[in-house]
Amino acid sequence: MRCRRRVTVCVVRRTTGRMASVTLSVTTMRVASTEETAQGASCNDVSPYCLWNETCVNGRCESLCLGTECSQPNHECHVHREEGAEKGVPKCVEKGAEMPSTCHGVCRERGYWKDEECDLECYSYACEFDGGDCDPGLYCNDLSPYCLWNETCVNHDGTSFGRCESLCLDHECPQDHDCQVHREEGAEKGVPQCVEKDPSVTTQPPPTPASPTPMLTAEQEAVLTDWIGQGTSLQLLYTGTSEAWSYDDFVDKVV
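If you read the sequence shown in my numbering, its first letter stands for residue 4, the second for the next number, and so on.
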């Protein structure tokens, strides 16, 4: 029985020459490889089925770090994979290094963070400048390709060192306009534009409703009782009218 790499379908060849496909779980696949190893399979047979952070040792897929000894104190093995590479490379990095939760993208996905090499994919405040592997001071001609589509590389503090920042940060718009970043289809970078504010959009809180008018006095209630034939309050009657009168004008009209 042989399994295709990184899929959950194994093919069983029968003596009659016919083939049958059987869907197995990943766990079952790894067990099948172990069973083959027990029967004398070599690393030539097993290696294609090892993960990118594993290597074949004595016919078994094991973590790349198992055979890597870190001689430096307070260091541990970390598997690093270059972009486009199928296999990772074990490296010794400082222990206790934890990637910030704000660090995302290629830096996190490929394990570039704090691997004792300056990776521009991790060169940002969010990734703490590759965990200290990079000095925060690259030039824009080196840094620009790693800015996001809605960012640009700008210089700060009177130096030529660059930072990836939102295109709107340094884009001034009139008071009645907002800065929005637009990207044309197929374009790598966005373009900041000043767009007129939508008058229907406001950050102001809704107006506070007016306090209810006090209920009528006993005399006013008596007048209304004679007028409409039952006890009520002028407040309720006023609320039900459609005329645009003030409350005082309404009282003058009906009392």
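Glycine included, each C-beta is placed from N, C-alpha and C at the ideal position.
Using only the alpha-carbon positions, how far apart do Asp-118 and Cys-64 sit? Counting from 1 along the sequence shown, the entry for residue 118 is found at position 115. Counting from 1 along the sequence shown, the entry for residue 64 is found at position 61. Spanning the two alpha carbons is a distance of roughly 24 Å.
If you check the beta carbons only, do Thr-155 and Leu-141 fall under 7 Å apart? One-based indexing of the sequence shown puts residue 155 at position 152. One-based indexing of the sequence shown puts residue 141 at position 138. No, these two residues do not count as a Cβ contact at 7 Å.
Go to Arg-158, then tell me how far its beta strand (DSSP E) extends in each direction, as first and last residue. Start at 1 with the first residue of the sequence shown, and residue 158 comes out as number 155. Going by the sequence as given, residue 158 is Asn instead of Arg. Residues 154-158.
Alpha-carbon to alpha-carbon, Glu-120 and Asn-56: Start at 1 with the first residue of the sequence shown, and residue 56 comes out as number 53. Start at 1 with the first residue of the sequence shown, and residue 120 comes out as number 117. Distance between the alpha carbons of Asn-56 and Glu-120: 19 Å.
Compare the beta carbon distance of Pro-195 and Cys-182 with 7 Å and say whether it is the shorter of the two. For the purposes of this step, residue 195 is identified with residue 192 of the sequence shown, where counting begins at 1. For the purposes of this step, residue 182 is identified with residue 179 of the sequence shown, where counting begins at 1. Yes, the pair counts as a contact, with Cβ atoms nearer than the cut-off.
Can you give me the Cβ contacts of Ala-44 inside the same chain, cut-off strictly under 7 Å, excluding the 5 residues immediately before and after it? Against the sequence shown, residue 44 aligns to sequence position 41. Answer for Ala-44: Gly-62, listed in chain order.
Which word fits Val-96, buried or exposed, when buried means at least 16 other C-beta atoms lie within 10 angstroms of its C-beta? As a working mapping, residue 96 is identified with position 93 in the sequence shown. So Val-96 counts as buried.
According to DSSP, simplified to helix, strand and coil, what is Glu-131? In the sequence shown, the residue the question calls residue 131 occupies position 128. DSSP places Glu-131 in helix when its eight states are reduced to three.
Determine the DSSP secondary structure at Tyr-126, reduced to helix, strand or coil. Translated into positions along the sequence shown, residue 126 becomes position 123. If DSSP states are grouped into helix, strand and coil, Tyr-126 belongs with coil.
Label Ser-74 either buried or exposed according to how many other C-beta atoms from any shown protein chain fall within 10 Å of its C-beta, with 16 as the threshold for buried. If you number the sequence shown from 1, residue 74 lands on position 71. So Ser-74 ends up on the exposed side.
Which of the three DSSP states, helix, strand or coil, is assigned to Arg-111? Taking the first residue of the sequence shown as 1, we reach residue 111 at position 108. Three-state DSSP puts Arg-111 in a helix.
Considering only the alpha carbon of each residue, which of Pro-51, Val-92, Leu-123 and Cys-176 lies closest to Gly-135? Sequence index remark: in the sequence shown, residue 135 carries index 132 (1-based). Here the closest residue by C-alpha is Leu-123.
For Cys-197, which of Ala-190, Gly-189 and Val-184 has the nearest alpha-carbon? As a working mapping, residue 197 is identified with position 194 in the sequence shown. The shortest C-alpha separation from Cys-197 is found at Val-184.
Would you mind sorting Glu-131 into buried or exposed? The rule is 16 or more other CB atoms within 10 Å of its CB. Start at 1 with the first residue of the sequence shown, and residue 131 comes out as number 128. Buried.
If we cut at 7 Å on Cβ distances, does Val-157 have a partner in chain C? Among the chains of the structure shown, chain C does not appear; only one protein chain is present.
For Glu-168, tell me which candidate among Cys-150, Glu-175 and His-180 has the shortest Cα-Cα distance. Here the question's residue 168 lines up with position 165 in the sequence shown. Comparing Cα positions, the closest option is Cys-150.
Contact set for His-180: own chain, Cβ-Cβ below 7 Å, skip 5 residues either direction: For the purposes of this step, residue 180 is taken as the residue at position 177 of the sequence shown. Hits under 7 Å: Cys-197, Val-198, Glu-199 and Lys-200.
Following the continuous beta strand (DSSP E) through Cys-95, name the residue where it begins and the one where it ends. Taking the first residue of the sequence shown as position 1, residue 95 is located at position 92. 92-97 is the extent of the beta strand (DSSP E) around Cys-95.
Do you know offhand how far Glu-188's Cα is from His-174's? Start at 1 with the first residue of the sequence shown, and residue 188 comes out as number 185. Start at 1 with the first residue of the sequence shown, and residue 174 comes out as number 171. The straight-line gap from Cα to Cα measures roughly 22 Å.
Could you pull out every residue in the same chain whose Cβ sits closer than 8 Å to the Cβ of Val-157, ignoring the five residues on either side in sequence? Here residue 157 corresponds to residue number 154 of the sequence shown, with the count starting at 1. Excluding positions up to five away in sequence, the list reads Cys-143, Gly-165, Arg-166, Glu-168, Leu-172 and Asp-173.
Distance between Tyr-126 and Pro-103 (C-alpha atoms, nearest Å): Here residue 103 corresponds to residue number 100 of the sequence shown, with the count starting at 1. Here residue 126 corresponds to residue number 123 of the sequence shown, with the count starting at 1. Cα to Cα, Pro-103 sits roughly 13 Å from Tyr-126.
Look at the alpha carbon of Ala-129 and the alpha carbon of Pro-51, and state the distance between them as a whole number of angstroms. To locate residue 129, count along the sequence shown from 1; it is residue 126. To locate residue 51, count along the sequence shown from 1; it is residue 48. Each residue's Cα considered, the two are about 36 Å apart.
Just to confirm, are Pro-93 and Leu-67 a CB contact at a threshold of 7 Å? Position 90 of the sequence shown, counted from the first residue, corresponds to residue 93. Position 64 of the sequence shown, counted from the first residue, corresponds to residue 67. It is a contact, given that the beta carbons lie within the stated cut-off.
So if DSSP puts Glu-57 in a beta bridge, which residue, or which two residues, is it bridged to? Your numbering for residue 57 matches position 54 in the sequence shown. Glu-57 is bridged to Ser-66.
Please determine, among Pro-177, Pro-210, Cys-176 and Pro-148, the residue with the shortest C-alpha to C-alpha distance to Glu-191. By one-based count along the sequence shown, residue 191 stands at place 188. The option with the nearest alpha carbon to Glu-191 is Pro-148.
First through last residue of the alpha helix (DSSP H) which encompasses Cys-259: Since the first and last residues shown for the chain are 4 and 258, residue 259 lies out of range.
Taking buried to mean at least 16 other C-beta atoms within 10 Å of its own C-beta, is Asp-133 buried or exposed? In the sequence shown, counting from the first residue as 1, residue 133 sits at position 130. It is buried - the Cβ of Asp-133 has at least 16 other Cβ atoms within 10 Å.
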